[in-house]
Each structure stands twice: as structure tokens, then as C-alpha cells.
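Q:
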Amino acid sequence: MIKPLVAGNWKMNGLKAASSELTQLIQNCPDTESPESPDIMICPPATLVAGFAELAASSPVIIGAQDCHIHEKGAHTGDISAEMFADAGARAIIVGHSERRADHGESNELVKTKALAAHRSGLAAIVCIGETEDQRNAGKTLAVVEEQLTGSLPDEISDETVIVAYEPVWAIGTGRTPTVEDVAEVHGVLREQLINRFGAETGNAIRLLYGGSVKPENARELMSIANVDGALVGGASLKAGDLLGIVSAYSPG
Ligand code: PGA
3 MIKPLVAGNW KMNGLKAASS ELTQLIQNCP DTESPESPDI MICPPATLVA GFAELAASSP
63 VIIGAQDCHI HEKGAHTGDI SAEMFADAGA RAIIVGHSER RADHGESNEL VKTKALAAHR
123 SGLAAIVCIG ETEDQRNAGK TLAVVEEQLT GSLPDEISDE TVIVAYEPVW AIGTGRTPTV
183 EDVAEVHGVL REQLINRFGA ETGNAIRLLY GGSVKPENAR ELMSIANVDG ALVGGASLKA
243 GDLLGIVSAY SPG
């Protein structure tokens with residue numbers, strides 16, 4: 003059985019005052035030790051990673067980061083390395099988010115190198131893939147996500163070092179989600195591909211998150227789909243109450 007993960011991607015949101023949301027999350031999050039309850043992660047903007055990691059240090063909440071440079075250090079003004087995030091207390095890095103792919107032209111090859119940078123520094127990579135609306139309408143969803151998965155994952159991975167997030171681009175921040183059948187189809191194909199490439203043991207153990215307009219209201223339905231091992235949450239992760247609502251999709255009842 004895979005331990006689920008509910009990860010919040012704060013994107014370019016959050017000033018120091020937003021630490022009150024993290025405090026609320028820490029105070030109210032369920033015991034994450036039991037196998038059914040999900041791990042809980044917050045990936046704040048880079049400016050908040052160190053402070054959040056300190057605040058969450060003796061709590062079950064894991065702190066992650068968003069994007070990194072491929073190199074450890076050097077003349078790259080404005081960039082942040084995976085080693086720096088590790089030093090700041092992050093345990094994972096989101097790479098290949100569709101906003102990076104669209105805004106910064108990131109290719110699968112670059113995303114793969116960033117995943118390797120995360121591994122080099124001892125961090126897990128949350129590798130994002132997903133089709134655009136045009137690609138879905140053209141019937142290319144499976145071909146697109148398969149190509150992205152193949153190209154974005156390094157060869158040497160384990161279920162500890164890689165988490166995959168399927169995020170249809172048209173579902174991000176729009177309030178729209180694919181049908182249960184569509185999510186099941188994509189996640190089933192991704193699982194198969196992971197098993198074919200990395201073997202049954204690793205392929206079956208890698209967490210496959212769904213992301214794109216996950217909210218407390220739809221979390222139970224989305225999280226109960228086969229091969230959905232948690233959520234990558236944008237907008238609804240900014241408020242502790244909403245994120246806890248999504249986490250509670252895993253509690254019985
Ligand atoms: P959303 O974003 O939950 O606001 O749709 C998800 C994401 O981009 O990770």
C-alpha cells in the first residue's frame with residue numbers, strides 16, 4: 003500500500019505573515035504516522051522555505067520547494083540550487099510544473115536534469131506532467147503524458163526520490179476537473195509505464211498525485227480513484243482550513 007501525499011504548491015503567493023496558515027495547519031493536522039493518513043507537505047515560495055522548515059521542524063508537516071537550478075552553485079544570478087533548498091530544510095522540489103514549462107519554456111530534458119539535481123542534494127523530485135486543453139481535444143492526452151513522463155524522469159529513481167503529479171493544464175486554477183474515468187485512465191497508463199520502465203516493485207511504489215482544482219468538495223472522489231496516491235494542490239493549499247479539508251478526504255466516513 004502506498005502512503006498518500008497531499009502537497010500544497012503555493013506558487014508565487016505568501017508573505018511572512020502567511021506563516022499563520024502553516025501554524026494552523028501544524029496545530030490541526032491529523033497524525034500522519036498511520037499508514038492510511040497522508041503525508042502533508044507545503045511548498046512555499048523560496049523566501050519562506052527556511053522559516054517554514056524551522057516552524058514545521060518538530061511537526062508532521064514536510065516543507066518542500068518550487069523549482070531549482072540544475073547546478074549546485076555558480077554565476078546564475080537569481081537562481082537557487084537544490085543544495086540551497088536542502089540546506090534551508092526542504093525535503094522535496096516541484097519540477098516541471100506546467101507554469102514553468104509554459105512561462106520559461108522548460109523541456110522534458112531540462113526537467114529531468116532538475117530532478118537529478120534534486121536527487122544529488124538528497125531531495126525528492128515532484129515531477130509534473132499534463133496535457134493542454136487543445137491536446138486533450140485532439141485526443142492526444144495519453145501520448146502527451148507518456149512522452150512527458152518518459153522524457154522527464156531520470157533512469158535512476160526510487161519511490162523515495164520521485165513523485166509524479168498528473169496535472170491537466172486546463173484544470174489548473176480553473177475549477178474544472180477531468181472526469182473520474184479520465185483520471186483513472188491516465189493514472190492507469192502512467193502506472194503501467196512506470197512498471198514497464200522501473201520494474202514492478204518501484205513502479206508500483208511511486209506516488210502518482212493528481213493536481214488541478216482539487217478542493218475539499220471534490221477531494222474524496224478524486225482521491226478514491228485507482229492509482230491516485232494523493233494531490234498536488236494550488237489555490238486550496240493557501241488556507242489551512244481548505245488543505246485540512248482535502249486531507250480529511252482520507253479519514254473514514
Ligand atoms: P490548483 O493548482 O489547485 O490551483 O488548480 C494546482 C497546481 O498548479 O499545482
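Counted from 1, the sequence shown has number 246 at position 244 by the numbering used here; the numbering is strictly sequential.
Glycine included, each C-beta is placed from N, C-alpha and C at the ideal position.
1. Measure the C-alpha to C-alpha separation of residue 118 and residue 223 and round it to an integer number of angstroms.
2. Taking only the alpha-carbon atoms, compute the straight-line gap between residue 207 and residue 63 and give it to the nearest angstrom.
3. Out of 216, 85, 154 and 132, state which residue places its alpha-carbon closest to the alpha-carbon of residue 100.
4. Kindly indicate which three-state DSSP category residue 42 falls into: helix, strand or coil?
5. Going by the CB atoms, is the gap between residue 94 and residue 128 shorter than 8 angstroms?
6. Out of 4, 10 and 112, which has the shortest C-alpha to C-alpha gap to residue 249?
7. At a cut of 8 angstroms, does the segment 74-92 reach the segment 5-25 through at least three beta carbon pairs?
8. Just to confirm the assignment, what range does the alpha helix (DSSP H) spanning residue 153 have?
9. Any idea what DSSP makes of residue 78, helix, strand or coil?
10. Identify the residues that DSSP records as bridge partners of residue 10: which are they?
11. Give me the Cβ distance between residue 4 and residue 45, rounded to the nearest whole Å; I'm assuming they're in contact under 8 angstroms.
12. Closest to residue 158 by CA distance: which of 42, 150 and 201 is it?
13. Could you tell me the alpha carbon to alpha carbon distance between residue 70 and residue 123, rounded to whole angstroms?
14. So, with DSSP's three-state summary, where would you put residue 71?
15. Could you name the residues of the same chain whose beta carbon sits closer than 6 angstroms to that of residue 113, not counting the 5 residues immediately before and after it, in chain order?
16. Taking all protein chains shown into account, do 16 or more other C-beta atoms lie within 10 angstroms of the C-beta of residue 79, making it buried, or fewer, making it exposed?
17. Rounded to whole angstroms, how far is the Cβ of residue 120 from the Cβ of residue 84, which I believe are closer than 8 angstroms?
18. Looking only at its own chain, which residues have a Cβ that is under 6 angstroms from the Cβ of residue 238, when we skip the five neighbours before and after it?
19. In this structure, what does DSSP give as the bridge partners for residue 213?
20. Specify the secondary structure class of residue 140 as computed by DSSP and reduced to three states.
21. Can you have a look at residue 236 and say buried or exposed, based on whether 16 or more other CB atoms are within 10 angstroms of its CB?
22. Which residues in the same chain have their Cβ closer than 8 angstroms to the Cβ of residue 256, if we skip the five residues on either side of it in sequence?
A: Looking at the atomic coordinates:
1. Between residue 118 and residue 223, the C-alpha separation is close to 33 angstroms.
2. Taking the straight line from one Cα to the other gives about 21 angstroms.
3. When each option's Cα is compared against that of residue 100, the closest is 132.
4. Per DSSP, reduced to three states, the secondary structure at residue 42 is strand.
5. Yes. Within cutoff.
6. The residue from 4, 10 and 112 with its alpha-carbon nearest to that of residue 249 is 10.
7. Taking one beta carbon from each stretch, the segment 74-92 and the segment 5-25 have fewer than 3 pairs nearer than 8 angstroms; the two do not touch.
8. Secondary structure note for residue 153: its alpha helix (DSSP H) is the uninterrupted segment 143-154.
9. Three-state DSSP puts residue 78 in coil, outside helix and strand.
10. According to DSSP, which records beta bridges pairwise, residue 10 is partnered with 44 and 235.
11. Going by Cβ atoms, the distance from residue 4 to residue 45 rounds to 20 angstroms, so no, they are not a contact pair.
12. Comparing alpha-carbon positions, the option among 42, 150 and 201 lying closest to residue 158 turns out to be 201.
13. Spanning the two alpha carbons is a distance of roughly 11 angstroms.
14. Here residue 71 sits in strand by DSSP.
15. Scanning its chain for C-beta atoms nearer than 6 angstroms, with the 5 sequence neighbours on each side dropped, one finds around residue 113 the residues 97, 98 and 154, in chain order.
16. Answer is exposed; the Cβ neighbour count stays below 16.
17. About 5 angstroms separates the CB atoms of residue 120 and residue 84; that is less than 8 angstroms, so the two are in contact.
18. Apart from the 5 residues on each side of it in sequence, residue 238 sits with its Cβ closer than 6 angstroms to the Cβ of 217 and 244 in its chain, given in chain order.
19. Beta-bridge partners of residue 213 (DSSP): 234.
20. In the structure shown, residue 140 sits in coil (DSSP, three-state: anything other than H, G, I, E or B).
21. Only buried fits residue 236, as 16 or more other CB atoms lie within 10 angstroms of its CB.
22. Outside the modelled stretch of the chain, which goes from 3 to 255, sits residue 256, for which no answer is possible.
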